[in-house]
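Q: What follows is a structure written as structure tokens; I'll ask about it next.
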Amino acid sequence: MSTENPLKNPFLNALPDLAKLRETVWRELANATGDTNQPWFLGSFGSLGESSPEIRTLVLRRVEVGSRSLIWHSDVRSPKFSQLERAGETSVHFWTPTHRVQLVVRGESQTLSSGELVDQEWKSSQLTSRRAYLGKMPPGAKADAMTVNFPTEFETRPPTDAESQAGKENFGVISTVVQEMDLLILRQTGNVRAMYRWNDHDLANQQWEETWICP
Ligand SMILES: Cc1cc2nc3c(=O)[nH]c(=O)nc-3n(C[C@H](O)[C@H](O)[C@H](O)COP(=O)(O)O)c2cc1C
Numbered sequence: 007m008s009t010e011n012p013l014k015n016p017f018l019n020a021l022p023d024l025a026k027l028r029e030t031v032w033r034e035l036a037n038a039t040g041d042t043n044q045p046w047f048l049g050s051f052g053s054l055g056e057s058s059p060e061i062r063t064l065v066l067r068r069v070e071v072g073s074r075s076l077i078w079h080s081d082v083r084s085p086k087f088s089q090l091e092r093a094g095e096t097s098v099h100f101w102t103p104t105h106r107v108q109l110v111v112r113g114e115s116q117t118l119s120s121g122e123l124v125d126q127e128w129k130s131s132q133l134t135s136r137r138a139y140l141g142k143m144p145p146g147a148k149a150d151a152m153t154v155n156f157p158t159e160f161e162t163r164p165p166t167d168a169e170s171q172a173g174k175e176n177f178g179v180i181s182t183v184v185q186e187m188d189l190l191i192l193r194q195t196g197n198v199r200a201m202y203r204w205n206d207h208d209l210a211n212q213q214w215e216e217t218w219i220c221p
């Protein structure tokens, strides 16, 4: 259900202050992690395929506001992982039906298959989620018959921590540094749209450049 009540809608509440609106975006992104009830828990993640843009749903795992980074989990054997290794340009789309707000972020993604961050993300991952990394075949590979692509015993119970460790070598992290945020707020009185660009040309004065644009 939509709400036009500014008290219940943090985006409307921030208008017309662009800086306050930007802080709201980052707070809502951070609040969405770990909470399946939050619409921004899921993003439509776009990467550059060989001949067309490719999108898929990913769980937003963590947000590092200071470094403007969005953290995602992926099988290192998946097409998206190699696409991002080839070209890091990324777009992510989020939509909040309750607040009627669309956020499109653009940025540069880095893929990580080992190291401290990968270890930390693996540790924080759920045992049921780790089943996805226990498949013999890479995601997207042709299968002879219907398959969950993990050992069948884990269809009815999660792996133990020890059993899940075999999947660690297939587990990777995608870290997207946000360079641009395009925020569209739908309102009965008229829609409004804000654009934020991270200015990294002037190293001594890195900051968000923000402006209203026509919706
Ligand atoms: C609700 C939902 C959440 C998903 N979360 C993830 C995720 O966090 N990481 C992931 O790699 N795939 C996730 N997937 C699967 C991807 O959308 C995609 O099908 C898979 O990663 C293969 O993508 P690729 O072939 O483009 O590499 C999710 C799918 C759905 C429907």
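Just add 6 to wherever you are in the sequence shown, counting from 1, and you've got the numbering used here. Ideal Cβ positions, reconstructed from N, Cα and C, are used throughout, including at glycine. Fair warning: this is a prediction, and the values are worked out from it, not measured in the lab.
(1) From the DSSP output, in three-state form, read off threonine 195 for me.
(2) If you measure from the CB of histidine 79, is any heavy atom of ligand 1 nearer than 7 Å?
(3) Does tryptophan 218 come out as helix, strand or coil in the three-state DSSP assignment?
(4) Taking 7 Å as the line, does the beta carbon of arginine 163 fall inside it for any heavy atom of ligand 2?
(5) When you compare only the Cα positions, how much space is there between proline 59 and glycine 49?
(6) With DSSP as the reference, label serine 58 as helix, strand or coil.
(7) Kindly give me the distance between the Cβ atoms of proline 144 and serine 84, rounded to whole angstroms, as I take these residues to be in contact under 8 Å.
(8) Measure the CB-CB distance between phenylalanine 17 and isoleucine 219 and report whether it falls below 8 Å.
(9) If I measure Cβ to Cβ from glutamine 126 and keep anything under 8 Å in the same chain, skipping five residues before and after, which residues do I get?
(10) Just to confirm, does proline 45 get its C-beta within under 7 Å of one of the non-hydrogen atoms of ligand 1?
A: Per the coordinate set shown:
(1) As a working mapping, residue 195 is identified with position 189 in the sequence shown. Note: threonine 195 maps to coil in three-state DSSP.
(2) Your numbering for residue 79 matches position 73 in the sequence shown. Yes - ligand 1 has a heavy atom lying nearer than 7 Å to the Cβ of histidine 79.
(3) Here the question's residue 218 lines up with position 212 in the sequence shown. In the structure shown, tryptophan 218 falls within a strand segment according to DSSP collapsed to helix, strand and coil.
(4) Annotation note on ligand 2: not contained in the displayed structure, which lists ligand 1 as its ligands.
(5) The residue you call residue 59 lines up with position 53 of the sequence shown. The residue you call residue 49 lines up with position 43 of the sequence shown. Proline 59 and glycine 49: Cα-Cα distance of roughly 15 Å.
(6) Here residue 58 refers to the residue found at position 52 of the sequence shown. Here serine 58 sits in coil by DSSP.
(7) Within the sequence shown, numbered from 1, the residue matching residue 144 stands at position 138. Within the sequence shown, numbered from 1, the residue matching residue 84 stands at position 78. Contact holds; Cβ gap of about 7 Å.
(8) As a working note, residue 17 is residue 11 in the sequence shown. As a working note, residue 219 is residue 213 in the sequence shown. No, the Cβ-Cβ distance between phenylalanine 17 and isoleucine 219 is not below 8 Å.
(9) To locate residue 126, count along the sequence shown from 1; it is residue 120. Taken in chain order, the list of residues that qualify is empty.
(10) Along the sequence shown, read from residue 1 onward, the residue named residue 45 stands at position 39. Result no, Cβ not under 7 Å from ligand 1.
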